[in-house]
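Written below as structure tokens is the structure these notes are about.
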Amino acid sequence: MNTAGYPTAWRPPSFFGTRGRQRLALAGALAYLAVSIGTLNIDPQRVLAGVGRAIDLFGRMIPPDFSRTGLLFRGMVESLQMAFAATLAGVVLSVPLGIAAARNLAPRPVYLAARGLIVVGRTFHEVIIAIFCVKLFGFGPVAGLITLAISSTIFLAKMLAEDIENVRVGPIEALRATGAGFGQVVVYAIVPQVLTRTTGTAIYRLDANVRHSTIVGIVGAGGIGHTLSASFSRYDYDFAAAILLCIIALVALGEWFSDWVRRRLR
Amino acid sequence: MTADLAARYPTIWRRRSRRESVIAWLWVAAVAAASVWSVSALDIEWLFFRDAHEQAIDLAQRMWPPRWSYLPQVVAPLIETIHIATLGTAIGVVFSLPLAFLAARNTTANGFTWAIGRALLVGSRSVNTVIWGLLFVAIFGPGPLAGIAAVAARSVGFLAKLVAEAIEEADRGPIEAIEATGASTWQVYLVGILPQVMPVLIGTTVYRWDINVRESSVLGFVGAGGIGIYLYASINQFAWQQVAVVLLAILAVVIASEAVSARIRARIS
């Protein structure tokens, strides 16, 4: 019997199915890499120069300069306030939009309009929305608040609509059988089923808003982002490092709080 | 005696005990107090709201109709935006794998290395892509290179966190089986754990790529390449009809990338 054709060493199976397909995927990835780097005209000399500049930059960031506590504290508090007020506004506004975007509750035209609004709204990054809010409401935290409120409303409405679409139909049918109106169906059949999850999403969004509130300031919409971008443009790197550390601390704290609350809700 | 019994066995059903309802009301009061504080301290100038709708209508009228002749100029930066997202995600994946093994409790060497891994995760995730962009523009100068580095820096933490969780939840069976054959630590990682976390890695990578396309659309605001520069320039020139073209182009690209990402993820799971 001829066993020469059988391999003696085991190789783990390929993720792409066959070896040929794996090679093809690898070749495709390499080709893409070559094309994209070619079109972006990345200068290797600039990359190398960047390494030296990075060392210099981090050298100037250490030690972080926490001496301007007033400015730092005011910026952080403003970011936090924007995040909180925006989450609240988002929760309130997302309820009608979420109900309108739920297939099992809203009439078809309303459903399509609400879904369209959600798809378009989710596409645009907070910073793009912030520019328009700055144009409409002037510089300052109000523009940031409205930016975050808009994106929170859209996010929370999407999650709420999905939760509503996943509710059990039993309670709804039971209430309808008793002759309950639309409002009564929502209050007694939908709210008890989605309340816990929606609270969890709202808390998650608060945490996300804290993160986003640190960047809308770059286009003039208030918060710590404005102070941060100003310190970068003035080459004030030790102050920038202090701001970055504060942002990391605040975001980590927010994430921990949101995890803690959501664990308790379950 | 009877009062005692009545307190112990109430005749009316209540959802919460007295203690629970007090705690619930305290939460409500805390939320109310925090919201009053944050709204009042923001110094909201309500006057601005009075004509906001008129301004919005005015802006919309200026944006319409979009100046389609501007479209050919934004095609190249749009492609650059996608390249920034893709290359940034790719670099992020490469760095996230070792970081995930470092930050997972069952594969890290000791408590100290675990703490380092966790600190890197938190640092990478807490700083927004745009802020990473500010930092890398200071390092590499303006251009797509800074954008790629920013996207990669933010993606590393995102990917590594989810992969680290998958590593911690990996099935013990295959790992023990491979350990029993006398495999080295590297072989256990490569053959025992990596195939188990591969679906999570690929799923989150594709998901992150689609988020990164959206984030790359604004990196230009801090000078880190992509379509954002054109959007910012058009807004600063008050060329609202060009702004409309750029926004519609971003809308198309982001929706397309979301659709691609959703299809790939549906096929994996």
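These protein sequence lines are chains A and B, in that order. First residue of the first sequence: 212, per the working numbering; consecutive thereafter. First residue of the second sequence: 54, per the working numbering; consecutive thereafter. C-beta atoms are modelled at their ideal positions from N, C-alpha and C, and glycine is treated no differently.
C-beta atoms of residue i and residue j nearer than 7 angstroms
i	j	result
Val-307(B)	Tyr-283(B)	no
Val-266(B)	Ser-310(B)	yes
Glu-133(B)	Pro-197(B)	yes
Thr-182(B)	Arg-207(B)	yes
Ser-93(B)	Leu-299(A)	no
Ala-223(B)	Ile-246(B)	yes
Ile-201(B)	Gly-141(B)	yes
Met-272(A)	Asp-449(A)	yes
Glu-232(B)	Val-241(B)	yes
Leu-371(A)	Thr-409(A)	yes
Ala-219(B)	Val-175(B)	no
Ala-353(B)	Val-190(B)	The question about residue 353(B) has no answer, for chain B in this structure spans 54 to 322.
Ala-341(A)	Phe-348(A)	no
Val-302(A)	Ala-413(A)	yes
Ser-287(B)	Val-275(B)	no
Ala-217(B)	Ala-157(B)	yes
Ala-453(A)	Pro-275(A)	yes
Val-368(A)	Ser-305(A)	According to the sequence provided, residue 368(A) is Ala. The question's Val does not apply to it. Contact flag set, yes.
Tyr-399(A)	Leu-386(A)	yes
His-437(A)	Ser-270(B)	no
Extent of the continuous alpha helix (DSSP H) to which residue i belongs
i	result
Ala-312(A)	Run containing Ala-312(A): none; DSSP gives neither H nor E here.
Gly-145(B)	124-156
Val-462(A)	448-476
Gly-355(A)	352-376
Trp-167(B)	164-179
His-437(A)	435-444
Leu-268(A)	255-272
Ala-341(A)	337-348
Trp-185(B)	182-193
Asp-111(B)	105-116
Gln-290(B)	Note, Gln-290(B): premise wrong, no alpha helix (DSSP H); not H, not E.
Gly-249(A)	230-250
Pro-403(A)	402-424
Phe-211(B)	197-221
Gly-332(A)	319-334
Val-266(B)	247-272
Phe-393(A)	393-396
Ala-428(A)	Here residue 428(A) turns out to be Gly, not Ala, going by the sequence shown. No alpha helix (DSSP H) holds Gly-428(A); DSSP gives it neither H nor E.
Trp-78(B)	71-94
Arg-387(A)	380-388
Pro-227(B)	225-233
Per-residue contacts from residue i into chain E (C-beta, under 9 angstroms)
i	result
Arg-257(A)	The structure shown contains no chain E; the protein chains it does contain are A and B.
Listed by chain order, chain A residues near residue i by CB distance under 8 angstroms
i	result
Val-128(B)	Simply none; closest approach about 12 angstroms.
Leu-133(B)	First, the amino acid is wrong: residue 133(B) is Glu here, not Leu. Within chain A, the residues near Glu-133(B) are Thr-250 and Leu-251.
Gln-114(B)	Those do not exist, as Gln-114(B) stays about 14 angstroms from chain A at its closest Cβ, beyond 8 angstroms.
7 angstroms Cβ cutoff, residue i in contact with chain A
i	result
Phe-270(B)	Per the sequence shown, the amino acid found at residue 270(B) is Ser instead of Phe. So, interface residue.
Phe-274(B)	yes
Ser-179(B)	yes
Val-183(B)	yes
Ala-109(B)	yes
Ser-314(B)	no
Proximity test, Cβ basis, 7 angstroms: residue i and chain B
i	result
Phe-393(A)	no
Phe-443(A)	yes
Ala-432(A)	no
Ile-414(A)	no
Gly-261(A)	yes
Pro-352(A)	yes
Ile-426(A)	yes
Ile-253(A)	yes
Gln-233(A)	no
Ser-278(A)	no
Ser-247(A)	yes
Ala-220(A)	no
Val-480(A)	Outside the displayed span of chain A (212 to 477) sits residue 480(A), for which this structure offers no information.
Ile-273(A)	no
Leu-406(A)	no
Beta-carbon neighbours of residue i, restricted to chain A and to distances below 9 angstroms
i	result
Ile-303(B)	Thr-334, Phe-335, His-336 and Ile-339
Ala-138(B)	None at all; the shortest Cβ gap to chain A is about 11 angstroms.
Leu-174(B)	The contacting residues do not exist; Leu-174(B) stays about 10 angstroms from chain A at best.
Residue i: contacting residues in chain B (beta-carbon distance under 7 angstroms)
i	result
Arg-178(A)	Because chain A is modelled from 212 through 477, residue 178(A) falls outside the range shown and cannot be assessed.
Gln-292(A)	Ser-91, Ala-94 and Leu-95
Ala-369(A)	Before going on, a small fix: residue 369(A) reads as Lys here, not Ala. Ordered by position in chain B, no residue passes the 7 angstroms Cβ test against Lys-369(A), which lies about 12 angstroms from the chain.
Ile-459(A)	Val-175, Gly-176, Ser-179 and Val-180
Under 7 angstroms from the C-beta of residue i: neighbouring residues of chain A
i	result
Val-92(B)	Ala-296
Val-307(B)	Thr-334
Ile-169(B)	Those do not exist, as Ile-169(B) stays about 15 angstroms from chain A at its closest Cβ, beyond 7 angstroms.
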